[in-house]
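Under full-length UniProt numbering, read the sequence shown as residues 1 to 267, first letter to last. Glycine residues also receive a C-beta, built at the ideal position from the N, C-alpha and C atoms. What follows is one structure encoded as structure tokens, with my remarks underneath.
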Amino acid sequence: MLRCEFCSRSFGSQEALNQHTQDSPAHVPSYDYELCNRSFSSQEALNQHTQNSSTHVLFQEALNQHTQNSPAHVPSYDCKLCNRSFGSQQALNQHTQDSPAQFQLPETPLNTFFKSFSDFTFDPDIPPNESYLALQRFYGWHRGDEESNQAWNNFQRALIEEFKLWFGAEDDLGSWHSLCRALRIEPLPRTCLDCEKAVRGLYVNIVDLIAWARNGGGEDQVRLFHSLEELREYTKRTRKIFRNNLDETGNSNVVLRHLLRFIFQGN
């Protein structure tokens, strides 16, 4: 026996069931229009109704006019670099082509350092250690050369200033929180002192921290290491070296002091 799902009646064949669903008014599909609560027996009838009814024509015209005139419904095309908005993709494209700001690198300590070598093509999206190795290859510097030593010292000073730029002073809770987010410290400590305690004892590569901040501090988090030996092996292998000489330079940045580790003897 075949049963009708709508009215639970039983039929002896598929043909009888089909005839029943075709003939019964209860099984005729209904096409409803929400604006006037009327029902129609077909999509065609509903379409004809909306076309012929002056009420619905006026409503649609008013809606169209509203979406055209209302600023809230105008699409916005935003420039990520300067936060300006434009009314069309074409206007945004023209802006990015014409604006000098699109071609200027932000003046961060590392960018300033690399841009001081006018013949060298600097890409700010490349990690700082890779940019320095490329600079070294470009000029053919060798370890121990006076020019090489001077560039290395200036690079290390730029790294320190870059870290201070992104992670601020020791009494800036917002900067501490940026650092805690990079190091996956949750929940965020409520005071600078609590942040300092949470960071103390963690093993992280400082150059990785700087690269993370330069790339916008996104969802990708900085790698943490289980031990000093693991951090040493990684630092030497990748050449992501941040020189631990704060005592010599007189830099009293507490954040750096809690993160720095002695990777090389006498570094």
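Note that the C-beta distance between Leu110 and Phe120 is not below 7 Å. For Val222, the secondary structure class from DSSP, reduced to helix, strand or coil, is coil.
Here DSSP, grouped into helix, strand and coil, assigns Ser118 to coil. Less than 7 Å separates the beta-carbon of Trp166 from that of Ala213. Excluding five sequence positions before and after Glu161, the CB atoms of its chain that fall closer than 6 Å to its own CB belong to Pro109, given in chain order.
About 40 Å separates the beta carbons of Arg239 and Asn93, which is beyond the 8 Å limit, so they are not a contact pair. CA-CA distance, Ser13 to Gln22, rounds to 15 Å. Around the C-beta of Asp220, fewer than 16 other C-beta atoms lie within 10 Å, and the residue is accordingly described as exposed. Below 8 Å, too few C-beta pairs join the segment 184-201 and the segment 143-153 to call them touching: fewer than three. By the Cβ-count criterion, Leu228 is exposed, with fewer than 16 other Cβ atoms from all chains shown falling within 10 Å of its own Cβ. The alpha helix (DSSP H) runs lying completely inside the segment 131-206 and spanning 4 residues or more are 146-167, 173-182 and 192-199, given in chain order. Residue pairing by DSSP puts Ser10 in a beta bridge opposite Arg3. Residue environment: Asp125 is assigned as exposed (fewer than 16 neighbouring CB atoms within 10 Å of its CB, all protein chains considered). Leu159 sits close to Phe242, with the two beta carbons spaced by under 7 Å.
Here Phe138 has Phe120 as same chain residues with Cβ atoms under 6 Å from its own Cβ, once five neighbours each way along the sequence are excluded. Contact annotation: Thr235 and Asn205 have beta-carbon atoms nearer than 7 Å. When secondary structure is reduced to three states using DSSP, Asn93 falls in the helix class. By the Cβ neighbour-count rule, Ser131 is buried, with 16 or more other Cβ atoms within 10 Å of its own.
Boundaries of the alpha helix (DSSP H) harbouring Thr235: Leu228 to Thr238, taken from the DSSP string. Note that the C-beta distance between Phe113 and Asn153 is not below 7 Å. When the alpha-carbon of Leu202 is set against those of Glu15, Ser10 and Val222, the nearest one is in Val222. Asp123 sits in coil when the DSSP states are folded into three classes, being neither helix nor strand. When rounded, the separation of the alpha-carbon atoms in Glu230 and Leu224 is 10 Å. Per DSSP, reduced to three states, the secondary structure at Asn47 is helical.
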